[in-house]
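**Q** Attaching a single structure in structure tokens format; questions to follow.
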Amino acid sequence: MKLEEVPEPVSTYIRVKCKDCGAETLIYSHATTEIKCKICGSLLAKPTGGKVKILAEIIQTQNKDDS
Ligand SMILES: [Zn+2]
């Protein structure tokens, strides 16, 4: 007997690039607070209750499960 599992990436980190100053920031995919650029304070991502909504340019996504 098999239960169907939904393959859903749980923890992911998303590397984004600020549209305003070009600084790179690593964002947790399920962050619960607004993520702002360290350099210029521009809003990079905001929480939605699930996966964050990315407002900056996505450079790369990486799974945490990388051991
Ligand atoms: Zn910036």
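Using our numbering, the letters of the sequence shown map in sequence onto residues 14 to 80. Ideal placement from N, C-alpha and C gives every residue a C-beta, glycine not left out.
Given Ser-55, which residues of its chain have a CB within under 6 Å of its CB, disregarding the five upstream and five downstream residues?
**A** Position 42 of the sequence shown holds residue 55. Cβ within range, chain order: Cys-31 and Asp-33.
**Q** In whole angstroms, what is the alpha-carbon distance linking Ile-67 and Glu-18?
**A** As a first step, residue 67 is located in the sequence shown; it is residue number 54 there, counting from the start. As a first step, residue 18 is located in the sequence shown; it is residue number 5 there, counting from the start. Near 27 Å, if we compare the C-alpha coordinates of Glu-18 and Ile-67.
**Q** I'd like to check one pair, Thr-74 with Thr-25: are the Cβ atoms closer than 8 Å?
**A** Walking along the sequence shown from the start, residue 25 turns up at place 12. Walking along the sequence shown from the start, residue 74 turns up at place 61. Yes, the pair counts as a contact, with Cβ atoms nearer than the cut-off.
**Q** Which residue comes first and which comes last in the beta strand (DSSP E) that contains Ile-27?
**A** Within the sequence shown, the letter at position 14 stands for residue 27. In the DSSP annotation of this structure, the continuous segment of the beta strand (DSSP E) that includes Ile-27 starts and ends at 25-30.
**Q** Taking the DSSP output, what are the residues bridged to Ile-40?
**A** For the purposes of this step, residue 40 is taken as the residue at position 27 of the sequence shown. Answer is Ile-27, bridged to Ile-40.
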